[in-house]
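**Q** If you scroll down you'll find the structure; I have some questions about it.
4 protein chains.
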Amino acid sequence: MTVSDVVELEGHIIDSGLMERAFTVVMDLGGEFDIEEFRVGTSKDKESYCRMRVIADDEATLHPILHELHQSGATLAAPTDATLTPAPDDNVVPDGFYSTTNHPTDVRVDGDWVGVDNIEMDCAIVVDRDGDSVSAETKVLNGIEAGDLVVTGDAGIRVKPPERPRDSSGPFGFMRGGVSAERPSASLIRDIAEAIAETKAQGGRVLCVAGPAVIHSGGGPGLARLVREGYVDAISAGNGFAVHDMERSMYGTSLGMDVETMEHPRKGHKHHIYTISEVIRAGGIEDAVDEGLITEGVMYECVDNDRDFVLAGSIRDDGPLPDTITDAVEAQNAIRDQARDADLVLMLSSLLHSVAVGNCLPSTTRTVCVDINPATVTQLLDRGSAQAVGMVTDVGTFVPMLAEELLE
Amino acid sequence: MTVSDVVELEGHIIDSGLMERAFTVVMDLGGEFDIEEFRVGTSKDKESYCRMRVIADDEATLHPILHELHQSGATLAAPTDATLTPAPDDNVVPDGFYSTTNHPTDVRVDGDWVGVDNIEMDCAIVVDRDGDSVSAETKVLNGIEAGDLVVTGDAGIRVKPPERPRDSSGPFGFMRGGVSAERPSASLIRDIAEAIAETKAQGGRVLCVAGPAVIHSGGGPGLARLVREGYVDAISAGNGFAVHDMERSMYGTSLGMDVETMEHPRKGHKHHIYTISEVIRAGGIEDAVDEGLITEGVMYECVDNDRDFVLAGSIRDDGPLPDTITDAVEAQNAIRDQARDADLVLMLSSLLHSVAVGNCLPSTTRTVCVDINPATVTQLLDRGSAQAVGMVTDVGTFVPMLAEELLE
Amino acid sequence: MTVSDVVELEGHIIDSGLMERAFTVVMDLGGEFDIEEFRVGTSKDKESYCRMRVIADDEATLHPILHELHQSGATLAAPTDATLTPAPDDNVVPDGFYSTTNHPTDVRVDGDWVGVDNIEMDCAIVVDRDGDSVSAETKVLNGIEAGDLVVTGDAGIRVKPPERPRDSSGPFGFMRGGVSAERPSASLIRDIAEAIAETKAQGGRVLCVAGPAVIHSGGGPGLARLVREGYVDAISAGNGFAVHDMERSMYGTSLGMDVETMEHPRKGHKHHIYTISEVIRAGGIEDAVDEGLITEGVMYECVDNDRDFVLAGSIRDDGPLPDTITDAVEAQNAIRDQARDADLVLMLSSLLHSVAVGNCLPSTTRTVCVDINPATVTQLLDRGSAQAVGMVTDVGTFVPMLAEELLE
Amino acid sequence: MTVSDVVELEGHIIDSGLMERAFTVVMDLGGEFDIEEFRVGTSKDKESYCRMRVIADDEATLHPILHELHQSGATLAAPTDATLTPAPDDNVVPDGFYSTTNHPTDVRVDGDWVGVDNIEMDCAIVVDRDGDSVSAETKVLNGIEAGDLVVTGDAGIRVKPPERPRDSSGPFGFMRGGVSAERPSASLIRDIAEAIAETKAQGGRVLCVAGPAVIHSGGGPGLARLVREGYVDAISAGNGFAVHDMERSMYGTSLGMDVETMEHPRKGHKHHIYTISEVIRAGGIEDAVDEGLITEGVMYECVDNDRDFVLAGSIRDDGPLPDTITDAVEAQNAIRDQARDADLVLMLSSLLHSVAVGNCLPSTTRTVCVDINPATVTQLLDRGSAQAVGMVTDVGTFVPMLAEELLE
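Protein chains in written order, with full-length UniProt numbering: chain A, 1 to 408; chain B, 1 to 408; chain C, 1 to 408; chain D, 1 to 408.
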């Protein structure tokens, strides 16, 4: 047993994104569609038309689909009059009131379509009958008076989103309504953990691109555990990341600061250089682990569990470590190999390395970008993965929470 | 005389945005289209098909359209083999080389489609014939060797952008390739000036939402001239904006700092409070202008030229001025009236006031957002104007350059 | 039993901040000082001189103090030659090497002070004796050769930080070395929790200024617990915060999104308006709690535990709620009362309200600012509390971690 | 003829920064000082005392100095009673009213010091005599009533800024009032131009560190002129900067976009790769200039006028160009040579390269940092130049305006 209803879309519905949005709404909200008629506008100035039956398992599923289609410009194939319900009190809307978009809107009263005046988002529509003449306008909550005839439900309403101009000129871009849902942090971290677990369960590889802020902000132990337990298969980072991580193992500090007590012990600032100097003396990271110099942390777990790591050099580096690939072309090639093997890439607070890895990824690799700077997240998401999620948060709280989700 | 060619699109081409992109490409690049066949996938799992003739005035117009369609996943209806040209030297590509996208790609060699290995963006495709066996892979510039058979032109190439997953679950969103063209600052300011001039020429109204940073960063005189000359019809701002502007007229300072010499004269910090106190004593801004207290600046020009202004109060305000509407509901109503009258809204460095104005705008009003914070620009553009342009720049340099464009 | 040593400072040591830094170093690192001689430069161009005995409980405490004083420009009163130790290997520094600042530096060899060439931060100093002539220069780690005579320890080194120019002109400000210690996130949250617990233990009051992002990012339940358990005595927020919080209680959503499942239930976008409408109908927040409409959340706990709250209106508001003070002047007065009563203010993701509260605070109130935008944190810290801590992080992870620290 | 007055400072005036501030105020505002008495607190818990005569050429200079000293905690050596003036009207302050700081404050009435209640910044002090009892409190502008006895002038007021705690513990840092003067953009650019002209007039060298955004945002021609005219002696940049710059010369585009018309010509996206490929074919940048391939732009002017340039490679690079130093250690050495030669460094929109250059600079080199991201500017200014200026603005407008100031 299914339920269904028929909607129509008309106009420049392909290039204004309405058809795409209609299909997306139906699929996202758990419905099916059956295109009963589709006439494409065969040239630039001809309009298209689509009549689509929307099918769902039950009314509870169908209703929100129709509502969203409606807000996007679809109209019911068999229009009825709008339902008008008196406001129960001043400043109070009747149950089920229709909440406006910011698009031009008509409302059907006594069989006629009436334009709604003063269109504004998130308002109620109030219909005024003055003898034979009927008018409609938006009202904000504090404009509602008891008894006002407020439109409730979706019936009898027609929304007309702006269409893409036929000629684009001047500075203005055509913006399509993007619902950029912010999501609660803890809940999104849970979802990312699930995606990583799923990738691993399917035999996939997880590559983690990590900046030094991961260590400095206290995320080192969490990432080390993810490497040890096999949730992270490979690390792509720079010289600084590895030095910070190993400084933490050798001295308990990061750039000279004790990451537990936050005190700066004597000569703390030298720890950074000493770490590099000692690892050079040992011959490299693997040798430093072998001779017991490094006993914990991300680099330790990489060596101990035989995980692949690439450290790419940069002109900001101290040292660098013997393991750091100082030639940019050679480093790109190593990164390219890592990128090709990855099924999911976790980019943590490292714009330079994330861009370098991102440049080598096909559009089919899943990407997670975490950075405290929204511009960095936007830039990385724009690089072209088709399956991507960005999170503007603090890696110092993200990594421990992610590790907890995956490991506990 | 026109030229034309026929391309095909196949797959989930509506909800993955490919049809929209195809139409947009043709129109943006100055072509026309004629849909010769269109079969819509009537349900979620059925694919659609489109055969479209692309028409242009000449080859020079047609070629880039076909190229872009191609990069977006369209294929030529009558495929031919790819053109292979030997690389003239190590690290040097032949003229007209095909530059890859990051999408899965096939290349046609000897009548067969061969998958391209190691897909990566902005690379060349090199074809290797080893006896009967043919393979193709991407190579970066520094991987090219003299004599490599590099694909040139667009013929014989098939790009397959990822399609929107039929089931959306988990944290990953479906990203569509957005070419977010950064534009040279001076050139974009020129375009915005033209849009303002055009709006005025058509009898439209320009509303400027302005934050105190406009005055503090030195943009006051420019904005005052735009008000005087009628390029700005109305000002929507807060108490702070008006006080800064009038402090500049009364004392030559902004928050106590001389905006020309940048020196802090004696008691400079009191100028802010004095300005408010004096305007209160006079009875309001208009009275202060009338009695010669205020002799220049944005507020002066508003009074002198009878331009509408709304000053909305906030809990951060000093004073406030008698003209400031301290009640938030009353202020919203005044802003609503301004917003409804506007044909183009210029939002300058004021998140709070821009959001308040934006909330009242229909989706058809043109919007220009200028702020030094990219997150502010993004947030304002997301609010739903269909015709919008954002610019991440310094109002202290933007306003003088805009005024110069419009007035000189 | 204590240990001590004597250092000297000379030059424009007061207005260049060196004296202040010297006192701060001694106190921060657990020492005492005894000023043996102090001659102040009595006019602008005269230099000052200070001879100070530094006293500590043991060598382990004294040493880092002397080291830091040294880096800041103090010299040992009885200078000895620098210790020179051969580098054990290429790229390897000897134990205890002296790591340079970026200030002009001399090194004492055979009783003479020799200027160090090519001053650069974080390098080693290598001394070269060529017959009678002695020279010294900085070397980075990868420039060190086995056998190089590297300065170790602090003895025999003289650092000369730039002094404040006697005449300030032009755009350049005099910058003093600010050690801006980034701190690991989890560890800093622990310290903030302790400060709150301490304030409460001393009978103080904690005021929390909260933006809607607290609720939207999932921090609502944590903050509600802090209110219930008495760690937060008062809430200063806006209309939006309260509506989001109560929408969560009434519908399980925030701006229409289910904060657990992140799904958008039917008509989700209306929940925001409904919440306001229902609370208006009930008569206000307290009435809505009393009639069982609101059963959990921050506002519920405020009513149930009789905590003070102020909701200040703004021109962005929907509604607003009957409890929201729409007049800006009246709202400021209510905020002023809250601010005067507070001993510690926790500012969470709300620039507007935090600035309004901050404007009313004396400089003696402790302030904690948490925001994901570093510019917001900087702006709030700059407003003049003498005891302040800022944290650039995600409130959606901060609040749960803070609640866990305090309550578990 | 000079005028003078005597002030006293008492307490922990060195380590709380008050002495430094006092000296700075006198010098910044054009005065002289004569220390008449100075007793240093010889140990941590002992207070210091300073009696200082402030001397200036005239009253107009002396007054603001005394005012600022006063706000910072200095008191007049011979205190008099505060001047009380009735408020002329509701909400109006008398001329010369004293505007409060947020520090604890006393006011002297009838020979007695009375504490001011409800201390808050930027308020007036109102004194209330009720019979024998005298009280004083702050009032905001809208709290003033006609006839209120308002303190005017600086006499009879004592401000007590918080002192640095003797024991520092917990998360709170001791903040000192930083007057972070924002300055009008155009006026600050003028000052930077003067500093560059001055450096050149003294025979100094100007090094410009430039990111690709300089070209992309339209700043290329301006920078090229500065190189040609000798205002910039050397360029430190990356591969991308040089490619963008030469692409502009060869094709008129930057990353494929026409920087004048903002149109994307056919195959625009390939221009970037072609530029690299052609320069490789020619043998390098100098060869490309010699054979007439490159005829304008920054790199052209460097070659044509024999200016030094260093292009340091990175893992993000396409190509790279033959001139790009791909090895990070070798590149650092080249950058180090540039840095040591520079007298003024102009850092334009390039975090990576600016940090690399900054790492090699002594603290005495003048530094100008320009970036649209405030966090980048802060990070660069924090690296330790004693003479530095930062500007948060758009290089696309900054460079043309700077060039105009210097060249026209």
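Just so it is clear, CB atoms sit at the ideal spot from N, CA and C, and this is done for glycine as well. A quick note: this is a predicted structure, and the numbers were derived from the prediction, not measured.
1) Please give the ranges of any alpha helix (DSSP H) in the segment 266-337 of chain B, keeping only runs that are unbroken, at least 4 residues long and fully inside the region.
2) Alpha carbon to alpha carbon, what distance is there between residue 329/B and residue 232/B?
3) What span of residues does the beta strand (DSSP E) with residue 360/A cover, start to end?
4) DSSP state of residue 205/A, grouped into three classes?
5) How would you label residue 264/C, buried or exposed, when you count the other beta carbons within 10 angstroms and need 16 or more for buried?
6) Report all residues from its chain with a CB closer than 8 Å to the CB of residue 181/C; omit the five preceding and five following residues, and keep chain order.
7) Helix, strand or coil: how does DSSP classify residue 121/C here?
8) Name the residues in the segment 9-38 of chain A whose C-beta lies less than 7 Å from a C-beta of chain B; which are they?
9) Looking at C-alpha atoms only, which residue of 408/C, 324/C, 399/C and 359/C is the closest neighbour of residue 102/D?
10) DSSP puts residue 403/C in a beta bridge; with which residues?
11) Taking the Cβ atom as the reference point for each residue, do residue 276/D and residue 141/B lie within a distance shorter than 9 Å?
12) Just verifying my parser: in three-state terms, what is the DSSP assignment at residue 409/C?
13) List, from N- to C-terminal side, the beta strand (DSSP E) runs of 3 residues or more that fit wholly inside the segment 27-88 of chain C.
14) Does the beta carbon of residue 261/A come closer than 9 Å to any beta carbon on chain B?
15) Count the other CB atoms, across all protein chains shown, that sit within 10 Å of the CB of residue 219/C; report buried if there are 16 or more and exposed otherwise.
16) Could you spell out where the alpha helix (DSSP H) holding residue 247/B opens and where it closes?
17) Quick one: is residue 326/C buried, meaning 16 or more other Cβ sit within 10 Å of its Cβ, or exposed?
18) Residues in the segment 116-129 of chain B with C-beta within 9 Å of chain A's C-beta atoms, listed in sequence order?
19) Let me see if you follow: with CB-CB separation under 9 Å, is residue 373/A close to chain D or not?
20) Along the alpha helix (DSSP H) that carries residue 380/B, what are the first and last residues, could you check?
21) For residue 58/C, which residues from the same chain have a beta carbon less than 7 Å from its beta carbon, with the 5 sequence-adjacent residues on both sides left out?
22) Mind pulling the chain A residues with CB within less than 7 Å of residue 89/C?
23) Would you report the Cα separation of residue 345/A and residue 114/B, rounded to the nearest angstrom?
24) In chain A, which residues lie less than 7 Å from residue 70/B when you measure between Cβ atoms?
25) If distances are taken between C-alpha atoms only, which option among 367/C, 252/C and 324/C comes closest to residue 280/C?
26) State the Cα-Cα distance for the pair residue 293/B and residue 334/B, rounded to the nearest angstrom.
27) Who are the near neighbours of residue 9/B in its chain, counting only those whose CB is closer than 7 Å to its CB and skipping five residues on each side?
28) Would residue 335/C count as contacting chain B if we go by Cβ distances under 9 Å?
29) If we cut at 9 Å on Cβ distances, does residue 332/A have a partner in chain D?
30) Is it right to say residue 147/A is buried, meaning 16 or more other beta carbons lie within 10 angstroms of its own, or is it exposed?
31) Where does residue 235/D sit, in a helix, a strand or coil, going by DSSP?
32) Suppose you measure from the CA of residue 332/D to the CA of residue 88/B; what does that come to, to the nearest Å?
33) Does DSSP classify residue 389/A as helix, strand or coil?
34) Please state if the CB of residue 151/C and the CB of residue 157/C are separated by a distance shorter than 9 Å.
35) What residues of chain B sit near residue 319/D, judged by a beta carbon separation below 7 Å?
36) Which residues bound the alpha helix (DSSP H) around residue 224/C?
**A** Let me lay it out:
1) 271-282, 285-290 and 298-304
2) 25 Å
3) Careful: residue 360/A lies outside any beta strand (DSSP E), inside the alpha helix (DSSP H) at 351-360.
4) coil
5) At residue 264/C, the pLDDT of 42 sits below 50, so the modelled position is not reliable and the matter cannot be decided from this model.
6) Its pLDDT being 42, under 50, residue 181/C is placed unreliably in this model, and the value from its coordinates should be taken loosely. For residue 181/C, where only same-chain residues beyond five positions count, there are no Cβ hits under 8 Å.
7) coil
8) 14, 15, 17, 19, 20, 23, 24, 27, 28, 32, 33, 34, 35 and 38
9) 359/C
10) The partner list for residue 403/C (beta bridge, DSSP) is empty, contrary to what the question assumes.
11) yes
12) Residue coverage of chain C in this structure runs from 1 to 408, which leaves residue 409/C outside it and unanswerable.
13) 32-39, 48-56 and 83-86
14) With a pLDDT of 45 at residue 261/A, under the threshold of 50, the modelled position of this residue cannot be trusted, and the question is left open.
15) buried
16) 239-251
17) buried
18) 118, 119, 120, 121 and 122
19) yes
20) 374-381
21) 3
22) 281
23) 28 Å
24) Going along chain A, no residue has its Cβ under 7 Å from residue 70/B, so there is no contact; the nearest lies around 16 Å.
25) 324/C
26) 26 Å
27) 18, 19, 22, 50, 73 and 74
28) yes
29) yes
30) exposed
31) strand
32) 34 Å
33) strand
34) yes
35) 141 and 142
36) 220-228
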